[in-house]
Amino acid sequence: MEREGSGEEETKQIPLLTPYKLGTFQLSHRIVLAPLTRQRSYDTIPQPHAILYYSQRTTKGGLLISEAAAVSETAQGLPHMPGIWRKEQVEAWKPIAESVHDKGGVFFCQLWHAGRVSLQDLWPDGYYPVSSTDKVLVGAENLQFKPPRRLNTDEIPHIVNDFRLAAKNAMEAGFDGVEIHGGFGYLIDQFLKDQVNDRTDRYGGSLENRCRFALEIVEAISNEIGGDRVGIRLSPFSNYMEAGDSDPNALGLYMAEALNKYGILYCHMAEPRVYSYEETPEAHSLKPMRMAFRGTFIVNGGYEREDGNKAVDENHADLVAYGRWFISNPDLPRRFELNAPLNKYDRGTFYTSDPVIGYTDYPFLETSS
Ligand SMILES: Cc1cc2nc3c(=O)[nH]c(=O)nc-3n(C[C@H](O)[C@H](O)[C@H](O)COP(=O)(O)O)c2cc1C
């Protein structure tokens, strides 16, 4: 006789693999593809090879966040990153979004403005990238950054509008929503952080003033596409790209509370250990921000299978985003389910422009040796 219901124990899922309702989206698990720049969108146009890349990483009911996409021509900072300001770019995103949807995934577009994190060679003589400041980024990893030009107060609404239009374009391209890139030293972070922001107008000085630009963008985009389709990424503890803050706890908490006013879908925070993407300086906690924010809370940074499970189990987060492990393991949710070994990632090909190598050639479980 067949035994009924006896499989219950075996099918009991680890916390990361439990379903979650993200606003109107029904997710089947909590493992999110973190936004990952791969510099393979030649001349700002998303390429057909991205169809395979994203669809490899799609699961039914899984959330994927796209690589950072520039919101305007002047938002660019590094070569071969995609844009979302021109018709041609919107058209090129369409089949990529479609392939994610074909497999039942939920796809958000990360909207980005580089600000002063902008390479010297990218711009003609006489053009200067814009920022909250005119302090030049000294440079990391032998990169030469162009000195920025401080935005005038009356230019700021135009940048906010660029974000709004980009969000509109993202919806037209078929994305399910957008994630505003407010972290890791790019333009929005250049306003948020007091190591960079040296303004004396209403966008500088107090915490409230430094957060104004970010919140204006949140408001404009929410009005355009609906707050239930908007997320934001923040990294208050990071000092990546020389954008640190003297009181990251206060900054993170202020933003978490202020965001509630707009009813946005999610807040995606980098763990304090993600100091400069990968380093691990000291232990702080995102708990106060998690408690203060009333939407979905996504955490990221240095997570493995076990601490990801723990984060969900202990209500530290609703969802956990994985970056590097998802680069090298297109079937990461399945591997976590089976507790299978992971492919190692190759840093050497993170940002190379090859359409296959280090991009779509990481093996799935079946073909791993
Ligand atoms: C190759 C690479 C590209 C990245 N590109 C982006 C990006 O476009 N936008 C962003 O917000 N973060 C970006 N990040 C940061 C990741 O989303 C993530 O925060 C970081 O890798 C830490 O998470 P992990 O420990 O799971 O890898 C990138 C990281 C890597 C390694």
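With this note's numbering applied, the sequence shown corresponds to residues 1 to 369, in that order. All C-beta atoms, glycine included, are put in the ideal place defined by N, C-alpha and C. Note that the structure is predicted; figures quoted are calculated from it, not measured.
Return helix, strand or coil for residue i, following the three-state DSSP convention.
i	result
S131	strand
T296	strand
T352	coil
K94	helix
L17	helix
G177	strand
L78	coil
V196	coil
W123	coil
F364	coil
Q144	coil
E304	coil
A220	helix
S99	helix
R86	coil
A50	helix
F25	strand
A270	strand
R57	coil
E73	helix
Hey, out of the options, whose CA is closest to residue i's CA?
i	options	result
L234	I188, R294 and T296	I188
D354	F25, Q47 and I31	Q47
L17	Y359, L338 and Y186	L338
Y203	E155, E306 and A70	E155
Q89	S41, L122 and Y128	S41
I96	R305, R324 and E67	E67
Q56	A270, R86 and N329	N329
Y53	N343, A340, F336 and D331	D331
N300	W325, K193, V138 and F293	W325
H80	Q39, G182, L63 and M269	Q39
Y345	W112, T360 and I327	I327
D162	W112, H101 and K310	W112
L151	A170, D102, Q144 and T74	T74
F364	S285, P333 and T153	P333
V106	L22, R164 and R86	L22
E242	V196, V160 and P272	V196
N209	K193, G185 and P236	K193
Please list, in chain order, all residues of the same chain as residue i whose beta carbon is under 7 Å from its beta carbon, the five residues on each side excluded.
i	result
G104	K60 and G61
G295	I264, L265, Y266 and C267
Y20	L27, R30, D318 and L319
I357	T349
L36	E67, G323 and I327
If you drop the 5 nearest sequence neighbours on each side, which residues of the same chain put their C-beta closer than 6 Å to that of residue i?
i	result
P288	L253
V136	P147
E376	What is shown of the chain runs 1 to 369, which leaves residue 376 out entirely.
N169	I84 and V90
H49	P355
E366	none
R229	G177
R3	At R3 the pLDDT is 41, less than 50, meaning the model places this residue with poor confidence and gives no usable figure here.
To which residues of the same chain is residue i closer than 8 Å at the C-beta, ignoring the five residues directly before and after it?
i	result
Q76	T44, A70, G83, A114, S118 and L122
R149	Y128, P129, V130, S131 and D134
A250	L207
E172	V90
Y359	R38, R40, H49, Y53 and T349
Notebook entry, point to check: Is it a yes or a no for the region 254 to 267 touching the region 206 to 215, going by three-plus beta-carbon pairs under 8 Å?
Noted result: yes
Margin query: Under 8 Å: do the region 120 to 140 and the region 29 to 42 share three or more Cβ pairs, one atom per stretch?
Written below: no
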